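Okay, so the sequence shown: first residue is 1 according to UniProt numbering, each after it adds one.
Cβ coordinates follow ideal geometry from the N, Cα and C atoms, glycine included.
All figures in this text were calculated on a predicted structure; none of them were measured in a lab.
Take a look at the structure below.
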Amino acid sequence: MQNEMELKELVIELSDNLNQCMAQQAALQHAVYALLANVSDKKAVRESLSVCADGFMEAQESLGLPDDMIETYQDEINELLDTLSDDIEQQRDADWANEGGNIHLDDGKQ
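This is how it looks when you write it as structure tokens:
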């Protein structure tokens with residue numbers, strides 16, 4: 001009977017810890033997306049994120065994290081990197097269009 005009570009307490013504690021981790025992960029994800037929306041140098045953010053991800057992947061073996069957690073982490077990082085790549089590409093296209101438009105306007109003045 002005592003073992004059952006201890007087991008129930010452990011399950012409740014683990015559940016609480018899991019919920020806390022999920023809430024922290026969601027908060028961090030929202031913070032990163034908010035940062036991405038307000039940062040002009042997305043290449044620097046992408047580089048920093050890649051360095052962070054590489055460091056985590058190197059350390060994950062010593063952390064002893066489960067494979068499914070690592071896969072989830074990799075999926076989240078890849079999603080962020082894809083978003084950054086899309087944003088960088090869109091910015092490059094917009095810059096190119098603006099430069100092209102300015103050149104065209106300058107050509108018309110000559």
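Give a yes or no on whether the C-beta atoms belonging to residue i and residue j are separated by under 8 Å.
i, j, result
"Val45", "Val39", "yes"
Sorted by chain position, which residues of the same chain lie with C-beta nearer than 6 Å to residue i's C-beta, five sequence neighbours on each side aside?
i, result
"Ala53", "Ile77"
"Trp96", "none"
"Ile12", "none"
Just the Cα atoms here: how many angstroms apart are residue i and residue j?
i, j, result
"Glu79", "Met1", "47 Å"
"Arg92", "Leu84", "12 Å"
"Leu18", "Ile70", "16 Å"
"Lys42", "Glu4", "52 Å"
"Leu63", "Met57", "10 Å"
"Asp68", "Ser48", "24 Å"
"residue 122", "Leu65", "Because the chain spans 1 through 110 in this model, residue 122 falls outside it and cannot be assessed."
"Cys21", "Glu6", "22 Å"
"Ala27", "Gly100", "40 Å"
"Glu61", "Ala94", "42 Å"
"Glu89", "Asn98", "14 Å"
"Gln25", "Thr72", "11 Å"
Quick one: using the 10 Å Cβ neighbour count with 16 as the cut-off for buried, is residue i buried or exposed?
i, result
"Lys8", "exposed"
Taking only beta-carbon positions, decide if residue i is within less than 8 Å of chain C.
i, result
"Ala59", "No chain C appears in the structure shown, which is made up of a single protein chain."
By Cβ distance, which residues of its chain are closer than 8 Å to residue i, with the 5 residues on each side in sequence left out?
i, result
"Asp87", "Leu36, Lys42"
"Gln29", "Glu76"
"Ser50", "Leu81"
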